[in-house]
Amino acid sequence: MATRSSAGGTFNAANVITAANLNSLPGGILAYQQITSNVSGLNSNDQSNPNEVLMSVTVTPRVSRLLRISWSIIYRLTKAGGAVGTDNVWAILFKDGTYTNAASMTMPQGNRDIGLPGFALDVGPTAAAHIYEIHFGFQAAGEPEYQVTASPTLRSFMMIEDVGPSF
Amino acid sequence: MPTRNSTAGRAFGADPVTTTTTNGLPGGMLAYTTGTPMTGITAVVNLTGMSLTITPPANRDLKITVLMHAYISSALTSGDTFQVQLQRDGVTGQIWIMRCDQQNVQVTLCGYAFDFQTDGNPHTYLLRGGRLGGTGTYAAIANGTALGVTLTSWFAIEDVGVHF
C-alpha cells in the first residue's frame, strides 16, 4: 500500500510555483490507440500468439512516474463452437513482451457485442521506450472464434496516462 | 450536471501562472494497493490489504478505481455471483457484481466510483467481497500467479481536480 497527500489544491498563494510543484502533478494522456476496423478470426488460447495482438503503443515516460494503462474491448462470438456460460475470454496486457496483467470474463451471450474493460498500473517504469500491447483470446480448450468490433459507437481502445510521480 | 472547461491547455497562455491556476489541476494518484491473496470466501468479508487511508486537501474530487480478480474454487452452481463493496469509513457507498459460471477459472471485476468534495480530514476506503448468490466458495487473486497466469488486483484513489 502506498499513499500520499495530494499536490493538487495545496499550492500556497504566497509562494512561487516551481518546476517541482508542476512535476508533482499528473502528466495526462501519453498514448492511445483505437481499433478502426473489425478484427475477425480470433481463435487462439495461446497468450503469446502474436496473431492475438489487438493494439500496441510505445511510450517513453519520464523517470519515476506512475502510469495507468486502460482498455476496453468490444467483442462477440462468431462461431458456433463457443459455449455461452463456459468460454472465458481475456484481454491480456503485455509490457515489453512480458505478461503483466489481464481482464477476463465468461462469455454471457453469443452473437452480441460485449464490453471487456480493464486497467493496470505501472509503477516507476524506466525512462526508456516501452511497448504496451493488448492481446485477446480465450482461456479454455475448444474452438470458439471471436471478432473484435470497430464502429463509431463501439470503440475498442487502449490508452496510457501519466497519473503522477511514482511512489 | 456541473461542467467546466479544462484548466490544463487553457490557462497557461497568460503568464504568470498563479496558484489558483495550478490548484485547479488534478493532483494525480494519491494511493494504491494490491492486497494479498485470500481463499475460502463465502460471506462478505474485508478483502485483506485492500484498505487505503488518505487525507486529501479539502474541496477536491476523487476517483476510485478497482480491478479485482477472483474465481470459484469449489461448490459452483448456476447463478453464482460475487460482489465487491466499497466502503468509506465503514459506510458502503458502491457495489459491483460479477457472475461466475466456471470453477477454477478467474474472472475480473472492473469498477469505478467517485467521492465528491473532500473535507480535508482523513478517510479510510475499504473493499469487501463475498458471495451474493449461489453456493460457490471464492478465492481472491491479489498479486501473484494464480491458475497459471500472473495477475494483479488493484485498488487506487486519484485526485481528479478541484470540486465544482
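Chains as they are written, first to last, in this note's numbering: chain A, 36 to 202; chain B, 184 to 347. Backbone N, C-alpha and C define an ideal beta-carbon position, used for all residues, glycine too. Bear in mind that the values here come from a model prediction, so they are computed numbers and not experimental data.
Check                                                                                                                          : Outcome
heavy atom of the ligand ZN below 8 Å from residue 156 of chain A C-beta                                                       : For the structure depicted, the ligand ZN is absent and the ligand set is empty, with no information on it obtainable.
CB contact check: residue 52 of chain A to chain B, cutoff 9 Å                                                                 : yes
Residue 229 of chain B - partner residues in DSSP beta bridges                                                                 : B/311
Straight-line gap, residue 305 of chain B to residue 239 of chain B (C-alpha atoms, nearest Å)                                 : 7 Å
Nearest to residue 146 of chain A (by Cα), restricted to the options A/154, A/90 and A/181                                     : A/181
Limits of the unbroken alpha helix (DSSP H) element including residue 202 of chain B                                           : 202 to 206
Chain A residues whose Cβ lies nearer than 7 Å to that of residue 342 of chain B                                               : 41 and 43
Proximity below 9 Å, CB of residue 320 of chain B to CB of residue 225 of chain B                                              : yes
Nearest to residue 162 of chain A (by Cα), restricted to the options A/66, A/94, A/61 and A/51                                 : A/94
Distance CB(residue 219 of chain B)-CB(residue 338 of chain B) smaller than 9 Å                                                : no
Cβ separation of residue 312 of chain B and residue 227 of chain B, assumed to be a contact under 8 Å, to the nearest whole Å  : 7 Å
Residue burial classification, residue 174 of chain A (beta-carbon count within 10 angstroms, cutoff 16)                       : buried
Proximal chain B residues relative to residue 174 of chain A, where beta-carbon distance stays under 8 Å                       : 288
9 Å Cβ cutoff, residue 103 of chain A in contact with chain B                                                                  : yes
Interface flag, residue 268 of chain B vs chain A, CB-CB below 9 Å                                                             : no
Runs of beta strand (DSSP E) lying entirely within the stretch 104 to 157 of chain A, each at least 3 residues, in chain order : 123 to 130 and 133 to 141
Residue of A/120, A/36 and A/138 minimising C-alpha distance to residue 282 of chain B                                         : A/120
Terminal residues of the beta strand (DSSP E) in which residue 269 of chain B lies                                             : 264 to 271
Per-residue DSSP class, three states only, for residue 326 of chain B                                                          : strand
Residue 133 of chain A versus residue 50 of chain A - alpha carbon distance                                                    : 45 Å
Residue 294 of chain B versus B/268, B/347 and B/328, residue with shortest Cα-Cα distance                                     : B/268
Residues that DSSP places opposite residue 98 of chain A in a beta bridge                                                      : None, per the DSSP bridge assignment.
Boundaries of the alpha helix (DSSP H) in which residue 57 of chain A is found, first to last residue                          : 54 to 58
Residue nearest to residue 91 of chain A in terms of C-alpha spacing, selected from A/43, A/128, A/154 and A/135               : A/128
Residue-level contact to chain B via CB, residue 96 of chain A, 9 Å cutoff                                                     : no
is_contact[residue 146 of chain A, chain B] using C-beta, thresh 9 Å                                                           : no
Test item: CB-CB of residue 125 of chain A and residue 151 of chain A under 9 Å                                                : yes
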